[in-house]
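So the structure is just underneath, and the comments pick up after that.
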Amino acid sequence: MEMIRSTPELERERIVREARNCFLRYGWRSVSLDDLAGRIVMSKKKVYTYFESKEDLIRQIIANDLEQLRTKVSYLLATRRNPIEQFLSVVTVFIGHWEFSDGKIVNDLHKYHPGIWSGAEQAKKDLISYFIDFNSAAGVAAQLYLRDIDFHFLYRFLFDSVLLTDYPEATKDELSRHFLRGLLTETGMHNYQSLGPVR
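The following block contains the structure:
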């Protein structure tokens, strides 16, 4: 039986959803709580009953995005038994996650909300680190990945120089596949070539 959620909970979610859309469209600095209250037809006072400040609201938006990212990655690691499929699926999720924001949005978050930005960066690094440990161990155990590789160094290179750049999504996907092929044993390469499109 599905629980009926309270109106305050739904109102809070609505504020977060609308605020996220506004901030990503106009920038973190350009949208005030007055603007947001007008957009969602709610008094500013009511918005303040759910969030102490604009900073608090932005923190919640970022926390929600990170939680969605964690959930997707955890699901893929649990359901994709083949480490190569795991790699391709999880990298696709990371690419999609970072596509939502352009450089200005990220730079503004860093400049005007450094505490939130640094917390988000640490959370992403922790998630990437977990993925690297999980995927590389599974790949080596299945004899699909080469053993004598500094996986953390190479994966960090992939994330920092490919996934966090302004390349088009298709280019990021192709570069990720080239990267993966460099990790594979002969068995891993046969396995990779036998896979169809992985998402």
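Using my numbering, read the sequence shown as starting at -14 and increasing by one per residue.
Ideal Cβ placement from N, Cα and C applies to all residues, glycine included.
Buried or exposed by the 16-neighbour rule on C-beta atoms within 10 Å, applied to residue i
| i | result |
| --- | --- |
| PHE8 | buried |
| VAL26 | exposed |
| PRO68 | buried |
| HIS137 | exposed |
| TYR130 | buried |
| GLN53 | exposed |
| LEU42 | buried |
| TYR140 | buried |
| LYS110 | exposed |
| GLY100 | exposed |
| HIS98 | buried |
Residues near residue i in its chain [Cβ-Cβ closer than 6 angstroms; skip 5 each side]
| i | result |
| --- | --- |
| ARG132 | VAL125 |
| GLN178 | none |
| ASP186 | Nothing can be reported for residue 186, as the shown portion of the chain is limited to -14 through 184. |
| SER103 | none |
Reference residue i; option with closest CA among the options
| i | options | result |
| --- | --- | --- |
| ALA127 | ALA155, GLU70 and THR77 | GLU70 |
| GLN107 | LYS57, SER59, ILE80 and ILE47 | ILE47 |
| ARG162 | ILE134, SER103, ILE90 and VAL76 | VAL76 |
| GLY173 | PRO153, ALA123 and ASP135 | ALA123 |
| LYS39 | GLY181, SER103 and ALA22 | ALA22 |
Limits of the alpha helix (DSSP H) - the one that residue i falls within
| i | result |
| --- | --- |
| ASN176 | 171 to 179 |
| SER38 | Segment: none, SER38 is in no alpha helix (DSSP H) and carries neither H nor E. |
| ARG166 | 154 to 166 |
| TYR140 | 136 to 143 |
| THR(-8) | -8 to 11 |
| HIS98 | Taken as a continuous stretch (DSSP letters only), HIS98 belongs to no alpha helix (DSSP H), as it is neither H nor E. |
| ASP19 | 18 to 24 |
Beta-carbon contacts of residue i that lie in its chain and below 8 angstroms, excluding the five residues immediately before and after
| i | result |
| --- | --- |
| ASP19 | LYS29 |
| ARG(-1) | ILE25 |
| LEU62 | GLN71, VAL75, PHE116, PHE119 and ASN120 |
Own chain partners of residue i with C-beta closer than 7 angstroms, once the 5 adjacent residues on each side are dropped
| i | result |
| --- | --- |
| ARG55 | LEU112 |
| ARG24 | GLU3 and CYS7 |
| THR170 | GLN128, LEU129, TYR130 and LEU131 |
| LEU180 | ILE69 and GLU70 |
| ALA105 | ILE47 and LEU51 |
| ASN49 | VAL1 |
Beta-carbon spacing of residue i, residue j below 7 angstroms
| i | j | result |
| --- | --- | --- |
| SER74 | ARG65 | yes |
| ASP118 | TRP13 | no |
| LEU143 | PHE164 | yes |
| ILE80 | LYS157 | yes |
| ARG(-3) | TYR35 | yes |
| VAL206 | LEU168 | The structure shown does not extend to residue 206, since the chain is modelled only from -14 to 184, so the question has no answer here. |
| VAL78 | LYS57 | yes |
| GLN45 | VAL1 | yes |
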